[in-house]
Amino acid sequence: MRLNRKNHILGKTSVDTFLKKYWQKKPLLIRNAIENFQSPITEKDLFYIAQDEEAISRLIEYKQGLWQVKYGPFEKSDFPKKKNAPWTVLVQNINHHFSFANSFLNLFKFIPYARLDDLMVSYATKNGSVGPHFDSYDVFLFQASGEREWKISDQKEFSLDKKSAIKIITNFRSKNSWVLKPGDMLYLPPNIGHWGISQSDDCLTYSIGFRAPSTFEIQSKFLDFIQDSLNTNKNYLYKDPNLNLQKDPAEINTNMIKKIQQTVNQLRWSKNLINTFIGQLLTEPVETAIFQRPKPISLEIFKKNLSKKILELNPKTRMLFIKNNFYINGELIEVDKKYAAYLRQLANNKKIAFKPSLDKKDLNALGITLLPLYLSGFIDFIQ
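Rendered as structure tokens:
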């Protein structure tokens, strides 16, 4: 995989320029982002993964003037023949299945991991498409095989087809149009109308999507989170020893309102509590992720492996940190500050090799911290 002469995937545009002028602002077309690119992932690979129960996959066809969608997992017989009406298969979280996919995602490390969602790969027959639509998140569209025409709109308001099973723009107006060949890439910020149409029967497109949690999602999940963190007396009951006779028995009296308001106003949360919530929220694995637990091993055997082998994150694992607090798959990991640098390296590089000369005391401490993660299937040794 050979990058362009600027040695990064943004072509002639520097990372600083991209972040200042394009990220979440306007589209960017990048010709020849990767020179002489040949996709390690084939359409057969994609069809195979689409049959997996753990995969999130869709089959989209345009028939009789309507966009139709079916959801996986699929059987081999579910895939139409190429000579049929144009169709598209999309599979998300390809990075859970192919080591190449994670290497490919590493090319986008200029965007924080906390924002990165997944690598989705789509295959389309000639004229295959998912229709004119818009996404609520940033996306890089990398052409891996074949050719695809992208039509881009500058509309601010869209009308959606109420009859369609997917969100299709009915009043789409194209402002720009480009045909992408293998190695070309298009960046689109949120809410940009776009329409990709395959120009060949071997069209593979990689979509690098980014997480954009809604205000509702953040707030509702935080309210759920703090229920387990409330420092209150659960046995305390509402009291009103000075209750007075009131004219209307159905009225909620002023004293009751004040007391309940005071109780609600007693809710407090610290900065550290919010940080813990953020770390756990942003490292929650996808709902379909299943972690296979290895055969149990002792701490001593684990430490021997730790001193000889490379340790890596499971492709399904999400690991982030806030200063010296580490979060992995929605869990807070307690670690001594002395060893924080090792975990930062694991989080940033997704793998780490410990030096054989590592002090026995340090090796033991790291082993105690990392063994539970290994036994949970969150991390593993490169064989």
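If you read the sequence shown in full-length UniProt numbering, its first letter stands for residue 1, the second for the next number, and so on.
Where a beta carbon is used, it is the ideal one built from N, C-alpha and C, also for glycine.
Predicted model only: the values in this text are computed from it and were never measured.
- Fully enclosed alpha helix (DSSP H) runs of no fewer than 4 residues occupy 254–265 of the region 247–271, in order along the chain.
- With a beta-carbon spacing of about 6 Å, S129 and G196 fall inside the 8 Å limit used to define contacts.
- Y342 sits in a helix when the DSSP states are folded into three classes.
- Under the three-state reduction of DSSP output, Q143 falls in the strand class.
- Cβ atoms of F277 and Y374 stay farther apart than 8 Å, at about 26 Å.
- With contacts defined by Cβ atoms closer than 9 Å, I333 and T369 form a contacting pair.
- Inter-residue distance for Q383 and E284 is about 27 Å (C-alpha atoms, whole angstroms).
- Per the Cβ contact rule, the region 33–46 is not in contact with the region 152–162 (fewer than 3 Cβ pairs under 8 Å).
- Bridge partners of D380 according to DSSP: E312.
- The three-state reading of DSSP puts S207 in strand, counting E and B together.
- Sequence-distant Cβ neighbours of S145 in its own chain, meaning closer than 7 Å and more than five residues away, are S39, P182, D202, C203 and L204.
- By the neighbour-count definition (other C-beta atoms within 10 Å, threshold 16), A250 is an exposed residue.
- Two segments are said to touch when three or more pairs of C-beta atoms, one from each, lie closer than 8 Å; by this definition the region 348–367 touches the region 304–311.
- Within the same chain, and ignoring the five residues on either side of P315 in sequence, the residues whose Cβ sits closer than 7 Å to its Cβ are N95, H96 and N102.
- In the DSSP assignment, the residues bridged to E149 are V179 and I197.
- Straight-line spacing of the CA atoms in I379 and A340 works out to 17 Å.
- Residue environment analysis places G65 among the exposed positions, since fewer than 16 neighbouring C-beta atoms fall within 10 angstroms of its C-beta.
- Look at V69 here: in three-state DSSP terms it is strand.
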